[in-house]
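Visitor: Residue numbers (my numbering): 6 to 288.
Yeah, the Cβ is synthetic: ideal placement off N, Cα and C, and Gly gets one too.
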């Protein structure tokens with residue numbers, strides 16, 4: 006895409022450069038959001054803005070713009086880039102300062118954003134994906150959407166090297182989440198997913214799914230579940246901004262159920278599509 010945002014201004018993307026001493030570059034000292042765009046409109050923009058503000062506040066970065074201003078900036082960027090289907094990426098860092106671990110005083114945060122075309126992963130939504138299991142080695146504030154993603158990247162790379170789409174992480178016997186997704190299991194028609202606490206990211210797509218379940222009498226349990234429960238599940242699926250509701254058909258080479266996306270997963274895919282169309286128009 007030709008244009009990006011740098012500190013509140015839309016500029017040519019080639020001009021969107023940050024200083025080598027930006028703390029996001031040197032420390033990962035910042036937070037970010039990825040928002041889906043359908044038909045040129047942001048999906049669940051309000052929820053993403055709220056999470057962005059919460060993450061920023063959690064690490065002591067004061068946003069230089071309110072949520073309405075941020076939303077308008079991104080809308081203008083999407084229009085400027087003529088984006089119809091894709092994502093908008095936004096991040097804020099603590100700013101530029103001489104390298105020192107402690108927070109600098111009197112430094113201005115650095116806000117950047119750009120758009121990217123990205124199709125809906127239709128084939129994966131239909132056929133499902135393969136995954137692996139890996140120990141969750143990340144820090145204990147996974148609820149903050151931090152730029153510090155090395156643990157996630159190592160897990161995702163391990164999955165890629167084994168020809169899989171995602172890595173399902175666990176702390177001992179407790180399943181947490183994927184390297185870039187939330188994880189759900191279905192047992193006897195009940196949807197089970199990890200409660201939103203400090204060990205996982207509170208997924209926006211996850212919340213849309215939970216609201217859909219509540220509105221259509223699908224029983225949900227938000228609680229920890231074990232590797233054994235995962236292995237005995239009737240259905241397993243993941244959710245994220247870009248993956249939507251994606252069935253999981255294999256874990257560490259073992260088939261989930263009959264190896265096909267299950268009926269509850271299919272129902273939730275349909276309900277999720279309805280919510281997209283209610284907010285952004287017919288796909």
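#1: Quick one: give me the first and last residue of the beta strand (DSSP E) that residue 183 is part of.
#2: Counting pairs of beta carbons, one from the segment 269-277 and one from the segment 145-159, are three or more of them closer than 8 Å?
#3: Classify residue 81 as helix, strand or coil using the three-state DSSP reduction.
#4: Tell me, which residues are paired with residue 187 by DSSP?
#5: Tell me, to the nearest whole angstrom, how far the beta carbon of residue 148 is from that of residue 99; I am working on the premise that it is less than 8 Å.
#6: On the criterion of 16 or more Cβ atoms from any shown chain inside 10 Å, does residue 106 qualify as buried, or is it exposed?
#7: Taking the DSSP output, what are the residues bridged to residue 22?
#8: What did DSSP end up calling residue 201 once you bin it into helix, strand or coil?
#9: Do residue 217 and residue 209 have their beta-carbon atoms positioned less than 9 Å apart in this structure?
#10: Going by the DSSP bridge assignment, what does residue 122 pair with across the sheet?
#11: Under 9 Å between the Cβ atoms of residue 50 and residue 118?
#12: Taking the continuous beta strand (DSSP E) assigned at residue 297, which residues delimit it?
#13: So who's on the other strand from residue 222, going by DSSP bridges?
#14: Buried or exposed: which applies to residue 131, given that a residue is buried once 16 or more other Cβ atoms fall within 10 Å of its Cβ?
#15: State the Cα-Cα distance for the pair residue 230 and residue 169, rounded to the nearest angstrom.
#16: Straight-line CA distance for residue 192 to residue 134?
#17: To which residues does DSSP link residue 8 through a beta bridge?
#18: Buried or exposed: where does residue 263 fall if 16 or more other Cβ atoms within 10 Å of its Cβ makes it buried?
#19: Taking the C-alpha atoms as reference points, what is the distance between residue 201 and residue 84?
#20: Given residue 96, which residues of its chain have a CB within under 8 Å of its CB, disregarding the five upstream and five downstream residues?
#21: Select from 173, 6, 244 and 272 the residue whose C-alpha is nearest the C-alpha of residue 120.
#22: If you follow the alpha helix (DSSP H) that residue 234 is in, where does it begin and where does it stop?
#23: For a quick check, are the C-beta atoms of residue 250 and residue 265 less than 9 Å apart?
#24: Are the CB atoms of residue 112 and residue 101 within a distance shorter than 9 Å?
#25: Expressed to the nearest angstrom, what Euclidean distance is found between the alpha-carbon atoms of residue 284 and residue 214?
#26: I'd like to confirm the pairing. Which residues does DSSP put opposite residue 252 in its beta bridges?
#27: Where residue 204 and residue 136 are concerned, what is the direct C-alpha to C-alpha distance, given to the nearest angstrom?
#28: Using a 10 Å radius around the Cβ and a threshold of 16 neighbouring Cβ atoms, would you call residue 261 buried or exposed?
#29: Let's test the definition: count the other Cβ atoms within 10 Å of the Cβ of residue 235 and tell me whether it reaches 16, buried, or not, exposed.
#30: State the DSSP-derived secondary structure class of residue 172, mapped to helix, strand or coil.
Guide: Checking against the coordinates, here is how it stands:
#1: Here residue 183 refers to the residue found at position 178 when the chain shown is read from its first residue. Judged by DSSP secondary structure, residue 183 falls within the beta strand (DSSP E) whose first and last residues are 179-183.
#2: no
#3: Along the chain shown, one-based indexing puts residue 81 at 76. Of the three classes helix, strand and coil, the one that applies to residue 81 here is helix, per DSSP.
#4: If you number the chain shown from 1, residue 187 lands on position 182. According to DSSP, which records beta bridges pairwise, residue 187 is partnered with 244.
#5: Within the chain shown, residue 148 is the residue found at index 143, counting from 1. Within the chain shown, residue 99 is the residue found at index 94, counting from 1. With a Cβ gap of about 19 Å, residue 148 and residue 99 do not count as contacting.
#6: By 1-based counting over the chain shown, the position of residue 106 is 101. Exposed is the call here.
#7: On the chain shown, residue 22 is found 17 positions in, with the first residue counted as 1. Paired residues: none, contrary to the question.
#8: Position 196 of the chain shown, counted from the start, is the residue given in the question as residue 201. In this structure, residue 201 counts as coil in the three-state DSSP scheme.
#9: Here the question's residue 209 lines up with position 204 in the chain shown. Here the question's residue 217 lines up with position 212 in the chain shown. No Cβ-Cβ contact shorter than 9 Å links residue 209 with residue 217.
#10: Here residue 122 corresponds to residue number 117 of the chain shown, with the count starting at 1. Paired residue(s): 91.
#11: The residue given as residue 50 occupies position 45 in the chain shown. The residue given as residue 118 occupies position 113 in the chain shown. For residue 50 and residue 118, no; Cβs fall outside 9 Å.
#12: The displayed coordinates of the chain run from 6 to 288. Any statement about residue 297 would go beyond what the structure contains.
#13: Taking the chain shown and counting its residues from 1, one reaches residue 222 at position 217. According to DSSP, residue 222 shares a beta bridge with no other residue.
#14: Within the chain shown, the letter at position 126 stands for residue 131. Exposed.
#15: The residue given as residue 230 occupies position 225 in the chain shown. The residue given as residue 169 occupies position 164 in the chain shown. One C-alpha to the other measures close to 22 Å.
#16: Here residue 192 corresponds to residue number 187 of the chain shown, with the count starting at 1. Here residue 134 corresponds to residue number 129 of the chain shown, with the count starting at 1. Using only the alpha carbons, I get a separation of about 19 Å.
#17: Within the chain shown, residue 8 is the residue found at index 3, counting from 1. Its beta-bridge partners are 17.
#18: For the purposes of this step, residue 263 is taken as the residue at position 258 of the chain shown. Burial call: exposed.
#19: Locating residue 201 in the chain shown gives position 196, counting from the first residue. Locating residue 84 in the chain shown gives position 79, counting from the first residue. Whole-angstrom Cα-Cα distance: 34 Å.
#20: Looking up residue 96 in the chain shown gives position 91. For residue 96, where only same-chain residues beyond five positions count, the Cβ hits under 8 Å are 29, 35, 36, 37, 38, 116, 117, 118 and 152.
#21: By one-based count along the chain shown, residue 120 stands at place 115. Of 173, 6, 244 and 272, the residue nearest in Cα terms is 6.
#22: As a working note, residue 234 is residue 229 in the chain shown. Note, residue 234: alpha helix (DSSP H), 232-236.
#23: The residue you call residue 250 lines up with position 245 of the chain shown. The residue you call residue 265 lines up with position 260 of the chain shown. Their beta carbons are not under 9 Å apart, which means residue 250 does not touch residue 265 by this criterion.
#24: Here residue 101 corresponds to residue number 96 of the chain shown, with the count starting at 1. Here residue 112 corresponds to residue number 107 of the chain shown, with the count starting at 1. Contact flag set, yes.
#25: Counting from 1 along the chain shown, the entry for residue 284 is found at position 279. Counting from 1 along the chain shown, the entry for residue 214 is found at position 209. For residue 284 and residue 214, the distance between alpha carbons rounds to 15 Å.
#26: If you number the chain shown from 1, residue 252 lands on position 247. As DSSP reads the structure, residue 252 sits in a beta bridge with 242.
#27: Here residue 204 is taken as the residue at index 199 of the chain shown, counted from 1. Here residue 136 is taken as the residue at index 131 of the chain shown, counted from 1. The straight-line gap from Cα to Cα measures roughly 20 Å.
#28: Here the question's residue 261 lines up with position 256 in the chain shown. Per the 10 Å Cβ criterion, buried.
#29: Along the chain shown, read from residue 1 onward, the residue named residue 235 stands at position 230. So residue 235 ends up on the buried side.
#30: Counting from 1 along the chain shown, the entry for residue 172 is found at position 167. Here residue 172 carries a strand assignment [DSSP, helix/strand/coil].
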